[in-house]
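For the sequence shown, the working numbering begins at 663 and goes up steadily by one.
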Amino acid sequence: RSIDSLPKDLAAAIVAGRIPGAIVHRYFELEKSAIFRWLLQFGGFKERLLADDLFLARIGMDCNVGIFTKTAAELERQREKFTKELDFVFADMVMAIIADFKLVWLPASTVSLHPLLAISAGPLAKFFYGCPDNAFQVTAFMCHRISRKCAIVVCTSSFVLVALAGTSYSFLQRVGAIVRNGAKLFVVGTSASLIGTGITNLLINARKAIDRTFAGEAEDVPIISTSIAYRVYLAVSSNLRYQVLAGVIEQRILESLLHRHKLYTECHILRSLM
663 RSIDSLPKDL AAAIVAGRIP GAIVHRYFEL EKSAIFRWLL QFGGFKERLL
713 ADDLFLARIG MDCNVGIFTK TAAELERQRE KFTKELDFVF ADMVMAIIAD
763 FKLVWLPAST VSLHPLLAIS AGPLAKFFYG CPDNAFQVTA FMCHRISRKC
813 AIVVCTSSFV LVALAGTSYS FLQRVGAIVR NGAKLFVVGT SASLIGTGIT
863 NLLINARKAI DRTFAGEAED VPIISTSIAY RVYLAVSSNL RYQVLAGVIE
913 QRILESLLHR HKLYTECHIL RSLM
């Protein structure tokens, strides 16, 4: 297969020597699935799936856990009113799904396919460009052994540890990853909270207009204070927890110990606890 048949960003990274053959092999393996082939058209998914073929499963697990725990919390809080207020539960679910998706997406390890930064870029842009997506991201990925020697490898049975050329991060860059993701999650928390509380208030007002007796039972949710509290929580607490979960527990510990087996069960348990 010629390099011209590959996506431009992947081909450019290969030509520049930034992507070893084992990562290309993983790309070909992922392409065999119709779902993955479609997702590989999107740069963000491509970078994450090349670094972790369980990435999609991790998103599914986390959203599943988020929906379950949110439903259980609403059931405990609402009790006999639960079935009568399913519309409000749905609004909370929307907010939870948006947040859970981004909490897995942002700290996920990636194989960087970004084009080189412009020479005119400022010092801050250059600094964050060199930061990893996860503060604890490793600079080598576990892949199946391939026949040709295209990368620096350490043999481990039928697997090889593939080191990405020219990839290493300083302590300051890893701290920068936490700051950058925290800023992004602050914005995500704002949008998720505004959407969730906005839908809730809309439903409350609609129900008040239809049912006069409901007017005394419900009050509008304070959008600003709820939004601030939620985005600070995501940017600080959730950011640090998910950085550690994705970069330390899953990638550095579980994958190195259990790389011969898929980690669906282990990851599901850990994400439930986190």
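For every residue, glycine included, the Cβ atom is placed at its ideal position computed from N, Cα and C.
Predicted model only: the values in this text are computed from it and were never measured.
In the same chain as T772, and ignoring 5 residues on each side of it, the C-beta atoms closer than 6 Å to its own belong to E709, R710, A713 and D795, in chain order. Runs of the beta strand (DSSP E) lying entirely within the region 684-767 and spanning at least 3 residues: none are present. In the three-state reduction of the DSSP assignment, S900 falls in the helix class. Burial state of E742 is exposed, judged by a 10 Å Cβ sphere holding fewer than 16 other Cβ atoms. Taking the C-beta atoms as reference points, A753 is found nearer than 7 Å to T862.
Rounded to the nearest whole angstrom, the CA to CA distance from I781 to Y791 is 12 Å.
In the structure shown, the three-state DSSP call for T772 is coil. Distance between S830 and A839, taken at the CA atoms: about 13 Å. At the C-beta level, G844 and A897 come within 7 Å of one another.
For I866, the enclosing alpha helix (DSSP H) stretches over residues F833 to I872. A Cβ-Cβ separation of about 7 Å places L847 in contact with S900 under the 8 Å criterion.
By the neighbour-count definition (other C-beta atoms within 10 Å, threshold 16), E693 is an exposed residue. CA-to-CA, the gap between A891 and L778 works out to about 37 Å. Taking C-beta atoms as the reference points, D724 and V686 fail to come closer than 7 Å. Look at P669 here: in three-state DSSP terms it is coil, with no helix or strand label. Rounded to the nearest whole angstrom, the C-alpha separation of T888 and L902 is 21 Å. Relative to the Cα of C793, the nearest Cα in the group Q703, S774, I729 and R836 belongs to R836. Here G706 has W767 as same chain residues with Cβ atoms under 8 Å from its own Cβ, once five neighbours each way along the sequence are excluded.
Between I665 and A673, the C-beta gap is smaller than 7 Å, which places the two residues in contact.
Between I885 and the set G860, S774, A684 and T731, the nearest pair of CA atoms involves G860. Residue state for F798 is assigned as coil, using DSSP reduced to three classes.
For the 7 Å CB-CB criterion, I760 and A854 form a contact. R663 sits in coil when the DSSP states are folded into three classes, being neither helix nor strand.
Distances from the alpha-carbon of K670 to those of K746, V756, L702 and V727 put L702 closest.
In this model, R893 and Y904 are separated by some 15 Å (Cα to Cα). In this structure, Q799 lies away from G683, with their beta-carbon atoms at least 7 Å apart.
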